[in-house]
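S.K.:
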Amino acid sequence: MKRLVPVVGSSLYLLASSPTAMAEVVRAVPVSQARGDGPIVTVELYRGHGTSLNFRSTGETIRRAWLDDLSKATLSFDDPSCTMAETESECAAQVIHLRRIHPLEFPNLPATPTTLLTVLTDGGLYLFRLAFPEAGSPRYYSVDIQPDSLSDNLQTQPIAALMGNEAQLIEQGLRVAQARNLITQADPLWERVQRLITAVRQGVHPEVAAAQVGVSQALIVRLIELGQSVSPGVTL
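Read in order, the letters of the sequence shown are residues -23 to -1, 1 to 213 in mature numbering (1 follows the signal peptide of the UniProt record, and there is no 0).
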């Protein structure tokens, strides 16, 4: 039986910004997959580490979240009102932070090796399988749910492999994406990419800037590739 998750705390998880640890900080997941079109998205929770589910790229607002097994994980939201929300309209979060805890025992609630997290937003229903590895370390610290139009064919090569005029290439790539109707200036993601461009121009490493503004490395690589596709002298 699904139960509304008791929220523990209400703070955003701040991503580490060390360039050496940035390669796998953000994992991009397309909206269609997170909504059940294809294999269910599995999110691993390791001891001593947290993981965030970031819905900001979708522009959607989280209304409810449920865990089937409450004994191994807790949730917190970036909107404090979600802690005590009694109706869907009272919660307006866009980020969920997951934390693994020492197993608890609940009467009549069997413990399971994995559990289902259901997230209801004002745009749809999302499903995630939470797994609890006994060993190893995280491959990512944030799962960025992205519109399919910007998640298709994303590359995972490091940004460092595409270094050189990064800010200009990202900006050109953003214009290409806009020209192809993949993004508009009204999309929440647009403003975040603009902040990333500003940070890169100020000398921040692209991987660090991507984590700071909450966009995936894969998306930035894709924008750089789109920017590289523009012939010199061509105005979009």
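C-beta atoms are modelled at their ideal positions from N, C-alpha and C, and glycine is treated no differently.
#1: Should His79 go down as buried or exposed, given a rule of 16 or more other Cβ atoms within 10 Å for buried?
#2: When every heavy atom of the ligand HEM is checked, does at least one fall within less than 8 Å of the C-beta of Gln189?
#3: Rounded to a whole number of angstroms, what is the C-alpha to C-alpha distance between Arg199 and Pro84?
#4: Which two residues bound the contiguous alpha helix (DSSP H) that contains Gly150?
#5: Taking Leu93 as the reference, give the member of Cys59, Phe54 and Ala108 with the closest Cα.
#6: Would you decide whether Leu146 is buried or exposed? Buried here means 16 or more other CB atoms lie within 10 Å of its CB.
#7: Helix, strand or coil, according to DSSP, for Gln123 in the structure here?
#8: Does the Cβ-Cβ distance between Glu37 and Gln10 come in under 9 Å?
#9: Tell me where the beta strand (DSSP E) around Gly27 begins and ends.
#10: Note down the Cα distance separating Phe54 from Ile73, rounded to an integer number of angstroms.
#11: I'd like to check one pair, Arg40 with residue 240: are the Cβ atoms closer than 9 Å?
#12: Is Asn31 buried or exposed, if buried means 16 or more other CB atoms sit within 10 Å of its CB?
#13: Tell me which same chain residues have a C-beta within less than 6 Å of the C-beta of Val190, skipping the five on either side of it?
#14: Have a look at Ala50 and Glu184 and give me their C-alpha separation to the nearest angstrom.
#15: Quick check on Gln134: buried or exposed, where buried means 16 or more other Cβ atoms within 10 Å of its Cβ?
#16: On the DSSP bridge list, what partners appear for Ala188?
#17: In angstroms with no decimal places, state the Cα-to-Cα distance between Val120 and Gly13.
#18: Among all the DSSP beta bridges, which residues are the ones paired with His74?
#19: Quick one: what does DSSP say Val181 is sitting in, helix, strand or coil?
#20: Tell me, which residues are paired with Thr91 by DSSP?
#21: Tell me the DSSP bridge mates of Pro7?
#22: If we call anything under 9 Å between Cβ atoms a contact, is Glu21 one with Pro110?
#23: Within 10 angstroms of its Cβ, does Gly180 collect 16 or more other Cβ (buried), or is it exposed?
M.R.: Reading it off the structure:
#1: Position 102 of the sequence shown, counted from the first residue, corresponds to residue 79. Its Cβ having fewer than 16 others within 10 Å, His79 is exposed.
#2: Of ligands this structure carries none, so the ligand HEM is not represented either.
#3: Residue mapping note: residue 199 aligns to position 222 of the sequence shown, counting from 1. Residue mapping note: residue 84 aligns to position 107 of the sequence shown, counting from 1. Those two C-alpha atoms are separated by around 49 Å.
#4: Translated into positions along the sequence shown, residue 150 becomes position 173. Where Gly150 is concerned, the enclosing alpha helix (DSSP H) stretches over Glu143 to Ala156.
#5: In the sequence shown, residue 93 corresponds to position 116, counting from 1. It is Ala108 whose Cα lies nearest to the Cα of Leu93.
#6: Here residue 146 refers to the residue found at position 169 of the sequence shown. With 16 or more other Cβ atoms within 10 Å, it is buried.
#7: Your numbering for residue 123 matches position 146 in the sequence shown. Three-state result, Gln123: strand.
#8: Against the sequence shown, residue 37 aligns to sequence position 60. Against the sequence shown, residue 10 aligns to sequence position 33. No. Outside cutoff.
#9: The residue labelled residue 27 in the question sits at position 50 within the sequence shown. First-last of the beta strand (DSSP E) with Gly27: Gly27 to Asn31.
#10: Counted from its first residue, the sequence shown places residue 54 at position 77. Counted from its first residue, the sequence shown places residue 73 at position 96. Near 5 Å, if we compare the C-alpha coordinates of Ile73 and Phe54.
#11: With the chain covering -23 to 213 only, the question about residue 240 has no answer from this structure.
#12: Counted from its first residue, the sequence shown places residue 31 at position 54. The residue is buried, with at least 16 neighbouring Cβ atoms inside 10 Å.
#13: For this step, residue 190 is matched to residue 213 along the sequence shown. Counting only Cβ-Cβ distances below 6 Å, and skipping sequence neighbours, we find Arg169, Arg172 and Leu173.
#14: Within the sequence shown, the letter at position 73 stands for residue 50. Within the sequence shown, the letter at position 207 stands for residue 184. The straight-line gap from Cα to Cα measures roughly 29 Å.
#15: Numbered from 1 along the sequence shown, position 157 holds the residue referred to as residue 134. Low local confidence applies: a pLDDT of 45 at Gln134 is under 50, so the model's placement there is unreliable, with the coordinate-based value given in what follows. Exposed is the call here.
#16: For this step, residue 188 is matched to residue 211 along the sequence shown. Ala188 is not bridged to any residue.
#17: In the sequence shown, the residue the question calls residue 120 occupies position 143. In the sequence shown, the residue the question calls residue 13 occupies position 36. Taking the straight line joining both Cα atoms gives about 16 Å.
#18: For the purposes of this step, residue 74 is taken as the residue at position 97 of the sequence shown. His74 is bridged to Ser29 and Ser53.
#19: For the purposes of this step, residue 181 is identified with residue 204 of the sequence shown, where counting begins at 1. Three-state DSSP puts Val181 in coil, outside helix and strand.
#20: As a first step, residue 91 is located in the sequence shown; it is residue number 114 there, counting from the start. Partner(s): Ala108.
#21: What you label residue 7 is simply residue 30 of the sequence shown in a count that begins at 1. Answer is Gln123, bridged to Pro7.
#22: Here the question's residue 21 lines up with position 44 in the sequence shown. Here the question's residue 110 lines up with position 133 in the sequence shown. Against a cut-off of 9 Å, the Cβ pair of Pro110 and Glu21 comes out as a contact.
#23: Taking the sequence shown and counting its residues from 1, the one referred to as residue 180 is at position 203. Exposed, because fewer than 16 other Cβ atoms sit within 10 Å of the Cβ of Gly180.
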